[in-house]
Amino acid sequence: MLFLNAKNYSVNKRTNPQITKALIISGLIHQENTMVFKESWHENDILNLPLEENSDSERKSGKLFDDRNEFEKTVSKAISAFSNSGGGHLILGIDDEGKPDGLPENVGRTSMKDWLEQKIPHLVDYQIRDFRVHTVIKSTQTKIPENKVVIVIDIGDSALAPHQALDKKYYYRVAGRSDPAPHFYLELLHQRYKSPTLDYDLDKIEIIEASEIEKGMFIVLQLNYLIKNSGRIAAYKWALFPREIKYSCKGCNDDYILNRSNFPTNKFRSSGIPFGDNTILPGGLFRKEILMGVILRPSSNNRNDIKEELINMLKDFELRSQLATETSPGEISIHSIFDKLDIEQIANYILDQIKHK
0 MLFLNAKNYS
10 VNKRTNPQIT
20 KALIISGLIH
30 QENTMVFKES
40 WHENDILNLP
50 LEENSDSERK
60 SGKLFDDRNE
70 FEKTVSKAIS
80 AFSNSGGGHL
90 ILGIDDEGKP
100 DGLPENVGRT
110 SMKDWLEQKI
120 PHLVDYQIRD
130 FRVHTVIKST
140 QTKIPENKVV
150 IVIDIGDSAL
160 APHQALDKKY
170 YYRVAGRSDP
180 APHFYLELLH
190 QRYKSPTLDY
200 DLDKIEIIEA
210 SEIEKGMFIV
220 LQLNYLIKNS
230 GRIAAYKWAL
240 FPREIKYSCK
250 GCNDDYILNR
260 SNFPTNKFRS
270 SGIPFGDNTI
280 LPGGLFRKEI
290 LMGVILRPSS
300 NNRNDIKEEL
310 INMLKDFELR
320 SQLATETSPG
330 EISIHSIFDK
340 LDIEQIANYI
350 LDQIKHK
């Protein structure tokens with residue numbers, strides 16, 4: 000028999016049907032790696048960058064400036080993508096092979112740097128504020144053509160996102176490209192400054208109680224979860240709710256109860272589902288536990304029989320639950336526990352406790 004109570008707990012989302020979205024969202028906001036603008040960019044900084052573009056950087060040939068309209072559309076698209084995806088660096092005047100071909104030093108009487116600083120805020124809607132334009136400092140033996148400059152635009156993670164490009168589309172960075180952003184991505188951007196974003200995963204499992212009862216053996220496992228606030232909003236009130244379990248144990252249908260108040264021993268009984276009233280600040284971590292009671296019916300008190308019963312009860316066990324906040328009920332998440340169990344250690348603990356009681 001197995002009993003569950005939401006004392007403190009969370010669940011791994013990796014097996015959720017929404018996993019495709021989760022993988023894309025992982026590139027949404029680089030909140031753990033907040034964009035740090037450089038004071039200056041040197042030619043060696045540019046030439047030493049990996050040739051392959053990534054989610055943080057993109058290079059464009061200076062030849063693009065030959066068609067001013069196309070240049071502005073391309074820069075607009077990249078700025079939309081970076082500002083919607085946590086920020087990055089747009090490098091202008093470097094071709095696809097990583098060789099400097101440069102932009103003109105001036106646009107009319109205005110330096111390229113000053114011209115871009117005036118132009119950039121108007122290349123997306125809403126106008127971006129968090130950016131910096133650098134003229135790359137040339138090396139003594141420069142590879143940048145004469146009368147040309149290489150420009151780096153540092154773009155921060157915008158609080159006003161999502162930003163729309165000149166073509167009336169929203170972009171984001173994925174797999175080193177600036178692609179049109181899907182609808183759910185834009186919705187998440189809209190919400191990230193309104194709702195906390197809590198992620199949670201199973202860290203480890205410990206056995207904390209074992210005793211003999213009339214029906215067999217009763218053990219209490221403590222599932223330790225790590226909850227992280229990966230968003231920008233503090234989580235003030237939140238709660239974790241077990242919803243259902245899945246198992247393959249034959250004939251165990253009536254032996255699984257999601258209610259700790261039904262534990263056959265008084266030590267760990269409680270009623271209700273407590274709310275976590277401990278604030279989790281952005282970037283903060285919180286450890287919570289769920290106590291899981293299991294009634295075992297091994298054929299004997301032999302170590303091998305106990306291990307066999309543990310495997311029978313827990314091998315295919317899955318818990319479905321939700322982590323709710325003040326503004327969201329949370330999605331159903333699934334977590335199996337068997338790969339976190341040390342069956343040998345648990346069996347030894349049970350035998351030791353029974354022997355001394």
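Just so it is clear: in the sequence shown, position 244 is 243 by numbering that gives the first Met the number 0, and no numbers are missing.
All C-beta atoms, glycine included, are put in the ideal place defined by N, C-alpha and C.
On a predicted model such as this, the values are computed, not experimentally measured, just so you know.
query                                                                                                             : result
Beta-carbon proximity check, I78 vs I143, cutoff 8 Å                                                              : no
Beta-carbon proximity of P241 to L318, cut-off 8 Å                                                                : yes
Backbone secondary structure at V140 - three-state DSSP                                                           : As written in the sequence, residue 140 is Gln, which differs from the Val given in the question. DSSP places Q140 in coil when its eight states are reduced to three.
For D198 and H121, the rounded distance between their alpha carbons                                               : 36 Å
Run of the alpha helix (DSSP H) containing Q321, from where it starts to where it stops                           : Per DSSP, Q321 belongs to no alpha helix (DSSP H); it is in the beta strand (DSSP E), E317 to T324.
Integer Cβ distance of I150 from K112, believed to fall under 8 Å                                                 : 7 Å
Beta-bridge partners of L122, as assigned by DSSP                                                                 : DSSP lists no partner for L122.
Classification of S25 by the beta-carbon crowding that lies within 10 angstroms, buried from 16 upward            : Because the pLDDT of S25 is 47, which lies under 50, any placement of that residue in the model is unreliable, and the number read from its coordinates should be weighed accordingly. Exposed.
Nonlocal neighbours in the same chain, by C-beta distance under 6 Å from L115, ignoring five residues either side : V132
Top-ranked residue by Cα proximity to N228, from G283, L239 and M216                                              : G283
Reference F316; option with closest CA among D338, D304 and N300                                                  : D338
Meets three-Cβ-pair contact criterion under 8 Å: the region 82 to 100 and the region 40 to 56                     : yes
Coarse secondary structure for V135, derived from DSSP in three states                                            : coil
Start and end residues, beta strand (DSSP E) containing I204                                                      : L197 to I212
First and last residue of the uninterrupted alpha helix (DSSP H) at F81                                           : R67 to S82
Cβ pair I204, L322 closer than 8 Å                                                                                : no
Straight-line gap, A180 to K72 (C-alpha atoms, nearest Å)                                                         : 17 Å
C-beta contact flag for V74 and L89 at 8 Å                                                                        : yes
Any C-beta of chain D under 8 Å from that of R296                                                                 : Looking for chain D here will not work: only one protein chain is present.
Same chain, Cβ closer than 7 Å to N146, five either side skipped, listed in chain order                           : E104
Assigned secondary structure, D351 (DSSP; H/G/I helix, E/B strand, else coil)                                     : helix
Three-state secondary structure assigned by DSSP to D100                                                          : coil
Sequence-distant residues of its chain with Cβ nearer than 6 Å to F81 (five each side left out)                   : G87 and I154
Supposed contact pair N83 and H162 - C-beta distance, whole angstroms, cut 8 Å                                    : 6 Å
Alpha carbon of N300 to alpha carbon of Y171, nearest angstrom                                                    : 59 Å
Status (buried if at least 16 other CB within 10 Å, exposed otherwise) for G92                                    : buried
D113 in three-state terms, based on DSSP                                                                          : helix
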